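>
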Ligand SMILES: Cc1ncc(COP(=O)(O)O)c(C=O)c1O
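In the working numbering, the protein residues as written are 9 to 481.
#1: Measuring only the C-alpha atoms, how far is residue 204 from residue 282?
#2: Is residue 295 near ligand 1, going by C-beta to nearest heavy atom under 7 angstroms?
#3: From 414, 420 and 428, pick the residue whose C-alpha is nearest to that of residue 449; which is it?
#4: In the DSSP assignment, what are the bridge partners of residue 309?
#5: Under three-state DSSP, which class holds residue 481?
#6: For residue 272, collect the residues of the same chain with a Cβ closer than 7 angstroms to its Cβ; drop the 5 residues on either side in sequence, then sort them by chain order.
#7: From what residue to what residue does the alpha helix (DSSP H) around residue 452 run?
#8: Is it right to say residue 262 is buried, meaning 16 or more other beta carbons lie within 10 angstroms of its own, or is it exposed?
#9: Classify residue 132: buried if its beta carbon has 16 or more other beta carbons within 10 angstroms, exposed otherwise.
#10: How about residue 127: is its Cβ closer than 7 angstroms to a heavy atom in ligand 1?
#11: Which of helix, strand or coil does DSSP assign to residue 204?
#12: Kindly indicate which residue of 357, 396 and 382 has the alpha-carbon position closest to the one of residue 376.
#13: What whole-angstrom Cβ distance do residue 130 and residue 292 have, given they're in contact under 8 angstroms?
#14: Going by the DSSP bridge assignment, what does residue 387 pair with across the sheet?
#15: Here's the rule I'm using: 16 or more other beta-carbon atoms within 10 Å means buried, otherwise exposed. How should residue 200 be labelled?
#16: Would you grab the beta carbon distance between residue 430 and residue 70 for me? Rounded to a whole angstrom, and I think it's under 8 angstroms.
#17: Per DSSP, which one or two residues make a beta bridge with residue 53?
#18: According to DSSP, which residues form a beta bridge with residue 149?
#19: For residue 227, does the count of other Cβ atoms within 10 angstroms reach 16, so buried, or fall short, so exposed?
#20: Leaving out the 5 sequence neighbours to the left and right, which residues in its chain are closer than 7 angstroms to residue 106 when beta-carbon positions are compared?
#21: Roughly how many angstroms lie between the CA atoms of residue 43 and residue 175, to the nearest whole one?
#22: Taking all protein chains shown into account, do 16 or more other C-beta atoms lie within 10 angstroms of the C-beta of residue 458, making it buried, or fewer, making it exposed?
#23: Fully enclosed by the segment 188-274, which beta strand (DSSP E) runs are 3 residues long or longer?
#24: State the start and end residues of the unbroken alpha helix (DSSP H) segment that holds residue 99.
#25: What is the DSSP secondary structure of residue 292, reduced to helix, strand or coil?
#26: Do we get a CB-CB distance below 8 angstroms when we pair residue 183 with the residues of chain C?
#27: Just to confirm, is the Cβ distance from residue 240 to residue 186 under 8 angstroms?
#28: Cα separation between residue 254 and residue 213?
#29: Consult DSSP for residue 332 and reduce its assignment to one of helix, strand or coil.
Listed below in structure tokens is the structure:
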């Protein structure tokens, strides 16, 4: 039965919503869960609720960083929007406080902030800064990377430009292998562990050298500190230290895309690049910064900012840095601090990883378990020995986790066989246990059956989520 609360929130039937969406929204805007999309009408903490009041455990939404509709964030947003929302050409305290808070969390010479509205805008501006500073155009990016939907970013996102039908990679973009030690070009199966990092670095050095010898030069290297769309990739220790050294040697700047992984998600540090003991020249931040509200920023050094100013072209962004966005970002950062959410990410993340690794021993189809804080991936394969990506099975798990267990996860990576977890930072150990009960059931079931023989009827006969939770208690 639909709950009263959800009925009052949402009047239109799901079927009608689908009809209107199909009629008015571009077909390239994809939904999660193709065959049975979710209509979500409410969020609270680490939970989402559909139009019938069914509760889902949210393991996907790193954007709802401090939890869906956190009261402090809601309060900051409503207070500020009731007073003023305007552009950043007027002085405003929320903006300067926000910049100060961000800079206080940044290491080294990272001391200048620009406000934008999204991760894409942040990365586009980062490219402009790098190009203004170096007077070069060429960029090195990593295979499988995604940096945003603007034209400038589709060009540096192999995750997109390698798709059939996409515009091809332009000549000024150079793709280096993703430092994935499980499935990457150099991995723990074809290289000794002390060689893997150096092989990836040698590739970057050879790209930088070639581009320089051709007289073009490198403007910069851009990478997520932990690659997300690539399948929750944790680069080898010391990787970024060496990449940055090489890139700088050839005159380029280092851009860290922290759009997915910033603001304490990795637990041990506030920024994921800090896990590699490096200081980038430019850092881009967004998604978690607004807890669902569109706000982002670019942080750089005074030297780079000065070279951008020296072009004489002023930077204006109508909504970037408006008082409402900044009030929200300030509230998000305060909540991370006051509720010790970074520490929570470390504790719960360690539990997720260690239990996940243990679970991996039990199942032939869990090829690899990796993660950092509340950023964890399970690579699903046909068997540990062949490592063939089990794409269909991973998709089946994602669907079953939702429909039977009411747990939302996603799959990604070049073969879409990596189950991704990046839940709101209020995710608890009990939530992790709930995830494992559900995931275990899916894996046991998969182990027993041939996926192609699965029908709706068969899955309906399986134990319900409540049965499984009771059994596990
Ligand atoms: C790593 C990374 N960078 C940039 C972006 C673009 O951010 P936005 O969608 O806010 O434009 C995304 C979006 O998914 C992302 O994952």
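Cβ coordinates follow ideal geometry from the N, Cα and C atoms, glycine included.
This structure is a prediction, so every number in the text was calculated from the model and none was measured.
On the basis of the data shown:
#1: On the chain shown, residue 204 is found 196 positions in, with the first residue counted as 1. On the chain shown, residue 282 is found 274 positions in, with the first residue counted as 1. In this structure, the alpha-carbon of residue 204 lies about 21 angstroms from that of residue 282.
#2: The residue given as residue 295 occupies position 287 in the chain shown. Yes, Cβ of residue 295 sits closer than 7 angstroms to a heavy atom of ligand 1.
#3: Reading the chain shown from its first residue, position 441 is the one you call residue 449. Considering only alpha carbons, the answer is 414.
#4: The residue labelled residue 309 in the question sits at position 301 within the chain shown. BP columns for residue 309 point to 118.
#5: Numbered from its first residue, the chain shown carries residue 481 at position 473. Here residue 481 scores only 33 on pLDDT, less than 50, and its place in the model is too uncertain to base an answer on.
#6: On the chain shown, residue 272 is found 264 positions in, with the first residue counted as 1. 278, 344, 349, 350, 353 and 433, listed in sequence order.
#7: The residue labelled residue 452 in the question sits at position 444 within the chain shown. Taken as a continuous stretch (DSSP letters only), the alpha helix (DSSP H) holding residue 452 covers 437-456.
#8: Looking up residue 262 in the chain shown gives position 254. So residue 262 counts as buried.
#9: Taking the chain shown and counting its residues from 1, one reaches residue 132 at position 124. Buried is the call here.
#10: Indexing the chain shown from 1 puts residue 127 at position 119. It does: the Cβ of residue 127 is within 7 angstroms (strictly closer) of some heavy atom of ligand 1.
#11: Within the chain shown, numbered from 1, the residue matching residue 204 stands at position 196. If DSSP states are grouped into helix, strand and coil, residue 204 belongs with the helices.
#12: The sequence position of residue 376 within the chain shown is 368, counting from 1. Considering only alpha carbons, the answer is 396.
#13: By one-based count along the chain shown, residue 130 stands at place 122. By one-based count along the chain shown, residue 292 stands at place 284. Between residue 292 and residue 130 the Cβ distance is about 4 angstroms, and since that is below 8 angstroms, they are a contact.
#14: One-based indexing of the chain shown puts residue 387 at position 379. 376 and 426, per the DSSP bridge assignment.
#15: Counting from one through the chain shown, the residue named residue 200 turns up at place 192. So residue 200 ends up on the exposed side.
#16: In the chain shown, the residue the question calls residue 430 occupies position 422. In the chain shown, the residue the question calls residue 70 occupies position 62. Right, their Cβ atoms sit about 4 angstroms apart.
#17: Position 45 of the chain shown, counted from the first residue, corresponds to residue 53. DSSP lists 76 as partners of residue 53.
#18: On the chain shown, residue 149 is found 141 positions in, with the first residue counted as 1. In the DSSP output, where bridge partners are listed per residue, residue 149 has 183.
#19: The residue given as residue 227 occupies position 219 in the chain shown. Classification for residue 227: buried.
#20: Working through the chain shown from its first residue, we reach residue 106 at position 98. Result list for residue 106: 334, 337 and 338, in chain order.
#21: Here residue 43 is taken as the residue at index 35 of the chain shown, counted from 1. Here residue 175 is taken as the residue at index 167 of the chain shown, counted from 1. Cα to Cα, residue 43 sits roughly 29 angstroms from residue 175.
#22: Here residue 458 corresponds to residue number 450 of the chain shown, with the count starting at 1. Its Cβ having fewer than 16 others within 10 Å, residue 458 is exposed.
#23: Listed in chain order, the complete beta strand (DSSP E) runs (minimum 3 residues) inside the segment 188-274 are 226-232 and 261-265.
#24: Here residue 99 refers to the residue found at position 91 of the chain shown. That residue, residue 99, is in no alpha helix (DSSP H); it is neither H nor E in DSSP.
#25: Counting from one through the chain shown, the residue named residue 292 turns up at place 284. It is a strand residue.
#26: The structure shown contains no chain C, having only a single protein chain.
#27: Along the chain shown, read from residue 1 onward, the residue named residue 240 stands at position 232. Along the chain shown, read from residue 1 onward, the residue named residue 186 stands at position 178. Their beta carbons are not under 8 angstroms apart, which means residue 240 does not touch residue 186 by this criterion.
#28: Here residue 254 is taken as the residue at index 246 of the chain shown, counted from 1. Here residue 213 is taken as the residue at index 205 of the chain shown, counted from 1. Whole-angstrom Cα-Cα distance: 6 angstroms.
#29: Looking up residue 332 in the chain shown gives position 324. Helix, per DSSP.
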